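*Asks:* Chains as they are written, first to last, in the numbering used here: chain A, 1 to 231; chain B, 1001 to 1262.
Note that CB positions come from ideal geometry on N, CA and C, so glycine has one too.
Owing to the predicted nature of the structure, the values given are computational and were not obtained by experimental measurement.
#1: Determine, using beta carbons only, whether residue 1166/B and residue 80/A come nearer to each other than 7 Å.
#2: How is residue 19/A classed by DSSP in three states: helix, strand or coil?
#3: So the alpha helix (DSSP H) residue 173/A belongs to, where does it begin and stop?
#4: Using only alpha-carbon positions, find the residue among 11/A, 156/A, 95/A and 82/A that is nearest to residue 117/A.
#5: Does the separation of the CB atoms of residue 224/A and residue 210/A fall below 7 Å?
#6: How should residue 1026/B be labelled, buried or exposed, when 16 other C-beta atoms within 10 angstroms of its C-beta is the threshold for buried?
#7: Just mark residue 1066/B as buried or exposed, buried being the case when its beta carbon has 16 or more other beta carbons within 10 Å.
#8: Alpha carbon to alpha carbon, what distance is there between residue 121/A and residue 24/A?
#9: Mind the definition here: the region 1135-1154 of chain B touches the region 1169-1186 of chain B only if three or more C-beta pairs lie below 8 Å; say whether that holds.
#10: Using a 10 Å radius around the Cβ and a threshold of 16 neighbouring Cβ atoms, would you call residue 1153/B buried or exposed?
#11: Taking just the CA atoms, how far does residue 1180/B sit from residue 1237/B?
#12: Which same chain residues end up closer than 6 Å to residue 1086/B when comparing Cβ atoms and leaving out the 5 residues on each side of it in sequence?
#13: Which value, in whole angstroms, describes the spacing of the CA atoms of residue 1043/B and residue 1028/B?
#14: Tell me the rounded alpha-carbon separation between residue 1131/B and residue 1245/B.
#15: Could you give the residue range of the alpha helix (DSSP H) that holds residue 1067/B?
#16: Using a Cβ-Cβ cut-off of 7 Å, state whether residue 1135/B counts as contacting chain A.
#17: What would DSSP say about residue 1170/B, mapped onto helix, strand or coil?
#18: What are the boundary residues of the alpha helix (DSSP H) that residue 1250/B is part of?
#19: Which two residues bound the contiguous alpha helix (DSSP H) that contains residue 1191/B?
#20: Would residue 1223/B and residue 1239/B qualify as a contact pair, given that the criterion is a beta-carbon distance under 7 Å?
#21: Let me see if you follow: with CB-CB separation under 7 Å, is residue 1296/B close to chain A or not?
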C-alpha cells in the first residue's frame, strides 16, 4: 500500500479580496490559494483586473476589503518591505536602474543590508541565460535581456513567491520566447512558486499547472490549467 | 510717449499697466498657438496681482506707520498666502498646503529672524516688511518649482518607484533621486539671479535706493545681501518642502499614492 500523498503547504491565500476606486470595481471577492511549488496563471481579457489582482497580492495597492495570508499570516501584519521581498514582483516593463546589471541585482539585497557577492550574481545570471553580463551597462541591453535581468533581480531577493506581470507582453516574438524559456527553466530547476499574469492563453498553458480566469474583476474559473484554459 | 497723453500719475500708471499687460497677453497668444493654454491662469493672475498690489499700495501708508510688532502679523499673513499659492503647483499631492506653509515659514521665517537679530535687516516696519516679503515671495516661487518638479518626476517615474518598492526599498529611498532633482531645479532661478547680478539685471531694490539718494556702492552691496538672503531662504524652503512632501506621496503601507491617471 502506497503512503498517502501529503499536499504541499499553502503559501499564499487570498480571502474575499476586493478593490474599488471611486466609481470602478477592479477586483470583486477573489478567493484562491497557492501551494508551494505551484505555478498559477491568471488570465482573462484586457481590463479584467489581472494586473490589479497582482498589485493587491504584492500590496502595492490596498484592498478595499478582504486580505491575503502569507504562510498563514495576514499580510497587513507584515512589514511592507519584508512582504514585498517575500512576494517578488517582475513588472511588465523591466524598469532597470541606471548602472550595470550587477548593480541592479545587488539592489534588493542591499535594502536589507546584504551584499550580493560576484559568485551569487553570476549564478543568478546563469539561471536566466546571461552568464557574462554582470558588468554590462543596462542602457545597452535588448528588451529581452533587460526583462531577464529583471527576473534575476527579483530572484536575488530569494522570494517565497514570484509574481510575474505580463513578463513578455512588451517584447517582440524572438525576445518573448527567450524570456519565456528563461522563466520556465528557472521555475523548473528551483521549484519556484509563481503567479503569472498573462493574456496569452497558450503561454499560460505552457507555464502553469493551474489557471484562474478573471472577467470584470471576478474569478470565473479556477482549476487545472488544461481544463480551465480549454473551456 | 505715454507721458505726452497722460498727465495725471494715476492715468499714466493705468496706461503703463495696460501696455505691459498687452505685452504679457501677446505671449499668452503665442503660447496658445503652440498648444500651451495659459489664458485663464494668466488673466486671473494678472488681474489678481494688479488688484492686490494696488490695494497694498493704498494701505501701505497706514501700514508703514503702524507699530513695529505688527510686522510679525503681516509677514505671517504673507506666509499663509504664499503657502496657498505655491501649493497649487502640487495638484493631487496630499498635504501640499501644509507642507508649503511650514516650509516657507521655516525657510523664509528663520532667515528673516536671523538677519533681523544680527542687524542685516532693520527692524523698522518700512524695512522689515518689504525685505521680508521679498524673501517670502522668492521662497514661495522656489517651493512651487520644487513641488511641481517633484510631482512631474514622480508621475513620470511611477514604474521605477514601484519597482524599487517591490524590491523591498524604503518608500523615502525610492523617491530620493526625484527629491534631489526637484531641490536642484528649484534653485536654478535664485542661483542665476546671483550669477547675473549687475551684468544682466539691476534689481528694483538697488534702483530704488539709488533714486532715494543712497551711495551706489552701499546700494550694490545691500542688493547682494538681499539676493544672498533670498538664496538662503529659498534653499531652506525647498529643502524642507521636498523633505516633507516625499513622505506624503505614500500611504502608511508604503504604497505610491500619486499615480498617473488617478
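*Replies:* This is what the structure gives:
#1: On the second chain, residue 1166/B is found 166 positions in, with the first residue counted as 1. On the first chain, residue 80/A is found 80 positions in, with the first residue counted as 1. No; because the gap between Cβ atoms is not below 7 Å, this pair is not in contact.
#2: Within the first chain, numbered from 1, the residue matching residue 19/A stands at position 19. DSSP places residue 19/A in strand when its eight states are reduced to three.
#3: The residue given as residue 173/A occupies position 173 in the first chain. Per DSSP, residue 173/A belongs to the alpha helix (DSSP H) from 173-190.
#4: Taking the first chain and counting its residues from 1, one reaches residue 117/A at position 117. Selected option, being the one with the closest Cα: 156/A.
#5: Taking the first residue of the first chain as position 1, residue 224/A is located at position 224. Taking the first residue of the first chain as position 1, residue 210/A is located at position 210. A contact, by the Cβ cut-off of 7 Å.
#6: In the second chain, the residue the question calls residue 1026/B occupies position 26. Result: exposed.
#7: Taking the first residue of the second chain as position 1, residue 1066/B is located at position 66. Exposed, since its Cβ has fewer than 16 Cβ neighbours within 10 Å.
#8: As a first step, residue 24/A must be located in the first chain, where it is residue number 24. As a first step, residue 121/A must be located in the first chain, where it is residue number 121. Straight-line Cα distance between these residues: approximately 43 Å.
#9: yes
#10: For the purposes of this step, residue 1153/B is taken as residue 153 along the second chain, with counting starting at 1. The residue in question, residue 1153/B, is buried, as its Cβ has 16 or more Cβ neighbours within 10 Å.
#11: For the purposes of this step, residue 1237/B is taken as residue 237 along the second chain, with counting starting at 1. For the purposes of this step, residue 1180/B is taken as residue 180 along the second chain, with counting starting at 1. When rounded, the distance between both Cα atoms is 14 Å.
#12: Here residue 1086/B refers to the residue found at position 86 of the second chain. The residues are 1100, 1140, 1143 and 1144.
#13: The residue labelled residue 1043/B in the question sits at position 43 within the second chain. The residue labelled residue 1028/B in the question sits at position 28 within the second chain. So the alpha carbons of these two residues sit roughly 9 Å apart.
#14: The residue given as residue 1131/B occupies position 131 in the second chain. The residue given as residue 1245/B occupies position 245 in the second chain. Rounded to whole angstroms, residue 1131/B to residue 1245/B spans 28 Å at the Cα level.
#15: In the second chain, residue 1067/B corresponds to position 67, counting from 1. That residue, residue 1067/B, is in no alpha helix (DSSP H); it is neither H nor E in DSSP.
#16: Translated into positions along the second chain, residue 1135/B becomes position 135. Taking Cβ atoms only, chain A never reaches closer than 7 Å to residue 1135/B, which makes this a no.
#17: Within the second chain, the letter at position 170 stands for residue 1170/B. Three-state result, residue 1170/B: coil.
#18: Along the second chain, one-based indexing puts residue 1250/B at 250. Per DSSP, residue 1250/B belongs to no alpha helix (DSSP H) and is neither H nor E.
#19: Translated into the one-based positions of the second chain, residue 1191/B becomes position 191. From DSSP, the alpha helix (DSSP H) with residue 1191/B extends over 1188-1195.
#20: Taking the first residue of the second chain as 1, we reach residue 1223/B at position 223. Taking the first residue of the second chain as 1, we reach residue 1239/B at position 239. No.
#21: Here chain B comprises residues numbered 1001 to 1262, so residue 1296/B is not present and cannot be evaluated.
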